[in-house]
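I have placed the structure first, in the form of structure tokens, so that the comments after it can refer back to it.
2 protein chains.
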Amino acid sequence: MEYKEAQAKSLLSLDTPCLVLDLDRMDRNVHRLKTHLSGLGVSLRPHLKTAKCVEVAHRVMASPAGAATVSTLKEAEQFAAAGVRDIIYAVGIAPGKLDRVLALRSEGVDLIVVLDSLQQAELVASAARERGDAIPALIEIDCDGHRSGVPPYETERLVQIGRTLVDGGATLRGVMTHAGGSYSARGDEALSRCASEERDAVVHAAQALLHAGLPCPVVSVGSTPTAHFARDLSGVTEVRAGVFVFFDLVMAGIGVCAVEDIALSVLTTVIGHQPEKGWILVDAGWMAMSRDRGTAKQTVDQGYGLVCDLHNNPFDNLIVVDANQEHGVIALRPGANGVLPDLPIGTRLRILPNHACATGAQHDRYHVVCRDKLDVEAVWRRFSGW
Amino acid sequence: MEYKEAQAKSLLSLDTPCLVLDLDRMDRNVHRLKTHLSGLGVSLRPHLKTAKCVEVAHRVMASPAGAATVSTLKEAEQFAAAGVRDIIYAVGIAPGKLDRVLALRSEGVDLIVVLDSLQQAELVASAARERGDAIPALIEIDCDGHRSGVPPYETERLVQIGRTLVDGGATLRGVMTHAGGSYSARGDEALSRCASEERDAVVHAAQALLHAGLPCPVVSVGSTPTAHFARDLSGVTEVRAGVFVFFDLVMAGIGVCAVEDIALSVLTTVIGHQPEKGWILVDAGWMAMSRDRGTAKQTVDQGYGLVCDLHNNPFDNLIVVDANQEHGVIALRPGANGVLPDLPIGTRLRILPNHACATGAQHDRYHVVCRDKLDVEAVWRRFSGW
Numbered sequence: 001m002e003y004k005e006a007q008a009k010s011l012l013s014l015d016t017p018c019l020v021l022d023l024d025r026m027d028r029n030v031h032r033l034k035t036h037l038s039g040l041g042v043s044l045r046p047h048l049k050t051a052k053c054v055e056v057a058h059r060v061m062a063s064p065a066g067a068a069t070v071s072t073l074k075e076a077e078q079f080a081a082a083g084v085r086d087i088i089y090a091v092g093i094a095p096g097k098l099d100r101v102l103a104l105r106s107e108g109v110d111l112i113v114v115l116d117s118l119q120q121a122e123l124v125a126s127a128a129r130e131r132g133d134a135i136p137a138l139i140e141i142d143c144d145g146h147r148s149g150v151p152p153y154e155t156e157r158l159v160q161i162g163r164t165l166v167d168g169g170a171t172l173r174g175v176m177t178h179a180g181g182s183y184s185a186r187g188d189e190a191l192s193r194c195a196s197e198e199r200d201a202v203v204h205a206a207q208a209l210l211h212a213g214l215p216c217p218v219v220s221v222g223s224t225p226t227a228h229f230a231r232d233l234s235g236v237t238e239v240r241a242g243v244f245v246f247f248d249l250v251m252a253g254i255g256v257c258a259v260e261d262i263a264l265s266v267l268t269t270v271i272g273h274q275p276e277k278g279w280i281l282v283d284a285g286w287m288a289m290s291r292d293r294g295t296a297k298q299t300v301d302q303g304y305g306l307v308c309d310l311h312n313n314p315f316d317n318l319i320v321v322d323a324n325q326e327h328g329v330i331a332l333r334p335g336a337n338g339v340l341p342d343l344p345i346g347t348r349l350r351i352l353p354n355h356a357c358a359t360g361a362q363h364d365r366y367h368v369v370c371r372d373k374l375d376v377e378a379v380w381r382r383f384s385g386w
Numbered sequence: 387m388e389y390k391e392a393q394a395k396s397l398l399s400l401d402t403p404c405l406v407l408d409l410d411r412m413d414r415n416v417h418r419l420k421t422h423l424s425g426l427g428v429s430l431r432p433h434l435k436t437a438k439c440v441e442v443a444h445r446v447m448a449s450p451a452g453a454a455t456v457s458t459l460k461e462a463e464q465f466a467a468a469g470v471r472d473i474i475y476a477v478g479i480a481p482g483k484l485d486r487v488l489a490l491r492s493e494g495v496d497l498i499v500v501l502d503s504l505q506q507a508e509l510v511a512s513a514a515r516e517r518g519d520a521i522p523a524l525i526e527i528d529c530d531g532h533r534s535g536v537p538p539y540e541t542e543r544l545v546q547i548g549r550t551l552v553d554g555g556a557t558l559r560g561v562m563t564h565a566g567g568s569y570s571a572r573g574d575e576a577l578s579r580c581a582s583e584e585r586d587a588v589v590h591a592a593q594a595l596l597h598a599g600l601p602c603p604v605v606s607v608g609s610t611p612t613a614h615f616a617r618d619l620s621g622v623t624e625v626r627a628g629v630f631v632f633f634d635l636v637m638a639g640i641g642v643c644a645v646e647d648i649a650l651s652v653l654t655t656v657i658g659h660q661p662e663k664g665w666i667l668v669d670a671g672w673m674a675m676s677r678d679r680g681t682a683k684q685t686v687d688q689g690y691g692l693v694c695d696l697h698n699n700p701f702d703n704l705i706v707v708d709a710n711q712e713h714g715v716i717a718l719r720p721g722a723n724g725v726l727p728d729l730p731i732g733t734r735l736r737i738l739p740n741h742a743c744a745t746g747a748q749h750d751r752y753h754v755v756c757r758d759k760l761d762v763e764a765v766w767r768r769f770s771g772w
């Protein structure tokens with residue numbers, strides 16, 4: 001289906017499965033976080049790994065030039081080609097990637113790398129000297145032990161990395177952290193605590209660098225839960241967040257959004273029934289939804305997604321309980337009372353995803369709808385790969 | 387990276403993460419199943435949903451014209467454009483998809499649909515009459531209660547569906563089933579039992595149709611485990627299987643293949659360490675591996691994949707224990723004794739996937755290598771979407 005053709009379509013005629021983006025919900029989500037961060041006096045550097053789409057980026061960034069965060073060099077290259085000029089590549093840098101980093105920088109993109117080891121600092125400094133480009137780097141801080149980064153109390157290591165960059169001819173741009181641990185928290189108090197621990201870790205690290213006489217202009221934090229529940233971001237200069245643009249069932253389970261805020265859904269068609277088992281089969285399997293089962297460990301397990309009608313109204317307790325590659329099995333939530341709705345073959349439904357980043361990645365375009373209408377207002381490409 | 391460029395590359399220089407296909411292993415896997423089925427007197431109709439690649443299809447199909455099985459109309463269209471003329475679209479047909487089916491059929495493709503309800507039979511027959519094309523259909527049989535299909539003992543319903551097709555102007559091509567339940571079996575005896583139950587179900591259904599005076603030229607079974615463990619396929623005309631081409635850790639866990647048979651891997655680069663935790667960070671997260679955790683319920687949980695050196699030799703007990711979008715966390719298998727190998731930043735590794743269909747789907751090309759060499763012999767495109 002060509003793009004122009006799709007624009008004349010509606011949710012009643014699109015080929016299924018496909019990805020639907022509710023523009024009103026998205027705009028509301030973006031407005032909410034921008035307002036909150038503005039009240040805290042920090043800027044938003046959206047993480048574009050969730051959307052991977054220029055049109056979405058334009059609605060989220062402060063300006064067409066950025067700032068932005070990406071998770072792959074492909075994203076950096078695609079957004080740079082669309083005019084973004086201020087980008088953090090937020091995954092630890094490997095030596096084999098410096099050529100692509102330098103190529104983008106030579107085109108005028110302020111592409112910032114991330115690292116957490118002396119070895120990486122030496123590699124970056126060495127490339128900076130050889131190529132005559134004082135590559136800027138952020139030192140990643142491990143605020144909650146969930147992934148990479150220097151623990152904030154290891155100030156000696158931190159200062160050594162910073163000094164290696166500065167003395168070696170690279171630029172120490174500052175520190176960054178990601179409170180991935182907040183994904184397993186729940187409720188206002190716990191999330192606010194994650195946010196202040198995230199802030200404390202990175203501000204402590206920044207102070208250690210400054211105390212050693214090193215520069216630290218950027219103090220960057222970021223995760224969708226902590227971004228929304230932070231009460232005080234003194235010392236922080238910017239917040240990175242990505243999934244807030246669309247939200248998803250995992251975020252609803254954590255308590256960061258309501259189900260009604262989820263802007264992404266998969267349009268699907270009923271293709272069969274197993275009435276004895278209480279099953280409705282649809283053409284959205286794991287290929288369309290992704291294999292992400294992020295709600296499995298939450299209080300409410302949403303299976304492979306929550307089933308809604310064409311206007312995104314959820315059916316009571318109706319979820320995708322199982323998925324093959326191109327088959328989704330819809331049934332009442334295990335243990336739920338209720339009656340299976342009558343949804344004959346050919347009925348179109350929308351399924352809200354567990355994880356917007358993972359479900360989005362299974363598709364190459366967004367079908368954009370507005371204000372509960374069924375018309376497709378626009379088709380926006382999204383890209384993938386590395 | 388352009389395709390020609392990649393062809394001059396090696397596993398030492400490719401951008402990571404990316405997908406690597408070991409051609410010798412693939413050819414050996416294909417030869418093994420073809421030899422086995424040839425001994426049983428049935429033909430192979432490979433399921434191309436795993437590979438989604440014309441070059442792979444050409445090495446698996448009996449001829450460039452087919453036969454083939456697909457899981458989406460996009461696959462049907464792509465393979466038809468490459469000359470495949472005999473295709474089963476093996477997912478229950480929805481009314482909104484008949485236009486694309488008819489368009490392919492009008493180009494000379496014998497595209498066969500699948501259905502399991504009277505309503506679908508009526509829709510297909512009605513389209514057949516209106517468009518003057520006696521669309522061929524297979525009735526799906528539910529051999530093990532795991533998904534869609536008519537239970538084989540419901541002969542009245544089966545005959546009614548068959549008669550609706552025939553009397554309505556469509557073609558009853560036969561019956562098909564998929565022993566998805568075999569994925570939770572293990573060992574020779576259990577798998578052979580699944581295979582004979584699969585055979586019995588579909589042969590019983592075929593006999594019921596024939597007994598009612600209806601045609602049933604095709605009797606089709608298919609799943610990778612049952613295809614390999616079937617001892618007698620009397621009454622069956624063809625076998626569909628897909629993942630056998632590449633195999634994966636789930637299949638190794640079931641006992642259908644050895645780890646050394648797995649032809650697909652993800653090339654990755656070490657990007658960090660957390661020595662206190664025993665972690666090695668790599669640039670293959672769930673975006674490169676997929677979120678598939680198919681081995682989680684097996685005897686040996688392989689996390690997000692088994693870690694190998696560049697020549698595909700597995701490290702002892704080294705797996706991807708956790709994954710973020712673009713970060714993989716490598717560690718020793720929980721509970722395993724052993725020493726974490728010394729893998730400095732920049733080291734390249736290969737990771738064997740849980741599920742070849744899901745991991746493949748995260749990538750747009752195969753980097754083909756042969757006989758444990760590091761040179762990339764070819765780059766084969768793979769497609770995605772619907």
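Chains as they are written, first to last, in the working numbering: chain A, 1 to 386; chain B, 387 to 772. Just so you know, even glycine gets a beta-carbon here, dropped at the ideal spot from N, CA and C. Everything numeric in this text was worked out from a predicted model, so none of it was measured.
With fewer than 16 other beta carbons inside 10 angstroms of its own, glutamate 493/B counts as exposed. Proximity of chain A to lysine 438/B at the Cβ level (cut-off 8 Å) is not reached, the minimal Cβ distance being about 10 Å. When Cβ-Cβ separations below 8 Å define contact, glutamine 506/B makes contact with chain A. For the pair of segments examined, the region 364-382 of chain A was found not to touch the region 29-45 of chain A: the number of CB pairs separated by less than 8 Å stays below three. Around the CB of asparagine 723/B, fewer than 16 other CB atoms lie within 10 Å, so the residue is classed as exposed. Using a Cβ-Cβ cut-off of 8 Å, isoleucine 345/A counts as an interface residue toward chain B, since at least one Cβ of chain B sits closer than that to its own. In chain order, Lys49, Ser71, Thr72, Ala90, Val91, Trp386 make up the part of chain A whose C-beta sits under 9 Å from the C-beta of glutamate 712/B. Rounded to whole angstroms, histidine 228/A and leucine 33/A show a C-alpha spacing of 7 Å. Taking C-beta separations shorter than 8 Å and ignoring five residues to either side along the sequence, the partners of asparagine 29/A in its chain run Phe244, Val245, Phe246, Phe247, Cys257, Asp261, Ala263, following chain order. In the DSSP assignment, aspartate 708/B falls within the beta strand (DSSP E) that extends over 700-709. At a C-beta separation below 9 Å, threonine 164/A has no neighbours in chain B, since its nearest C-beta there lies roughly 14 Å away. The beta carbon of arginine 719/B is closer than 6 Å to those of Asn703, Ile705 in its chain, skipping five residues each way along the sequence. In the DSSP assignment, the residues bridged to glutamate 624/B are Ser429/B, Ser606/B.
Taking 8 Å as the cut-off, the beta carbon of histidine 47/A is found closer than this to the beta carbon of threonine 69/A.
By the C-beta criterion, the region 551-562 of chain B is judged to be in contact with the region 519-531 of chain B, since at least 3 inter-stretch pairs fall below 8 Å. Taking the Cα of glycine 628/B as reference, the smallest distance to any Cα among Gly469/B, Gly771/B, Thr612/B is reached at Thr612/B.
Apart from sequence neighbours up to five positions away, the residues of its chain that approach glutamate 508/B with a beta-carbon distance below 8 Å are Thr550, Gly554, ordered along the chain. For cysteine 643/B, none of the residues of chain A pass the 9 Å Cβ criterion, the least Cβ distance being about 19 Å. Proximity of proline 95/A to chain B, defined by a Cβ-Cβ separation below 8 Å, is satisfied.
Restricting attention to alpha helix (DSSP H) runs no shorter than 4 residues, the region 412-457 of chain B encloses them at 440-446, ordered along the chain.
Between glycine 469/B and the set Ala453/B, Ala476/B, Thr458/B, the nearest pair of CA atoms involves Ala453/B. The three-state secondary structure of threonine 557/B, taken from DSSP, is strand. Annotated as proximal: valine 552/B and leucine 600/B, with beta-carbon spacing under 8 Å. Taking every protein chain shown into account, the CB of histidine 211/A has fewer than 16 other CB atoms within 10 angstroms, so this residue is exposed.
Sorting Arg445/B, Ala744/B, Ala514/B, Val605/B by C-alpha distance to the C-alpha of histidine 564/B places Val605/B at the top.
Leaving aside the five residues that flank glycine 162/A on each side, the residues in its chain whose CB is nearer than 6 Å to its CB run, in chain order, Leu172, Leu209, Leu214. Burial state of lysine 483/B is buried, judged by a 10 Å Cβ sphere holding 16 or more other Cβ atoms.
Leaving aside the five residues that flank glycine 278/A on each side, the residues in its chain whose CB is nearer than 8 Å to its CB run, in chain order, Ala331, Leu332, Leu340. The beta carbon of histidine 311/A sits closer than 6 Å to those of Asp372, all from its chain and outside the five residues before and after it, given in chain order. Threonine 610/B and alanine 638/B have their C-alpha atoms spaced approximately 11 Å apart. Using a Cβ distance threshold of 8 Å, valine 536/B and aspartate 496/B do not count as a contacting pair. Within its own chain, the residues whose Cβ lies closer than 7 Å to the Cβ of arginine 157/A, once the five positions on either side in sequence are excluded, are Val150, listed in chain order.
DSSP places tyrosine 304/A in the coil class of the three-state scheme, outside both helix and strand. Leaving aside the five residues that flank alanine 51/A on each side, the residues in its chain whose CB is nearer than 8 Å to its CB run, in chain order, Ala57, Val60, Gly242, Val245, Phe246, Gly360, Arg382. Counting other Cβ atoms within 10 Å of its Cβ, glutamate 461/B reaches 16 or more and is therefore classed as buried. Considering only Leu735/B, Asp401/B, His590/B, the residue with the shortest C-alpha distance to cysteine 694/B is Leu735/B.
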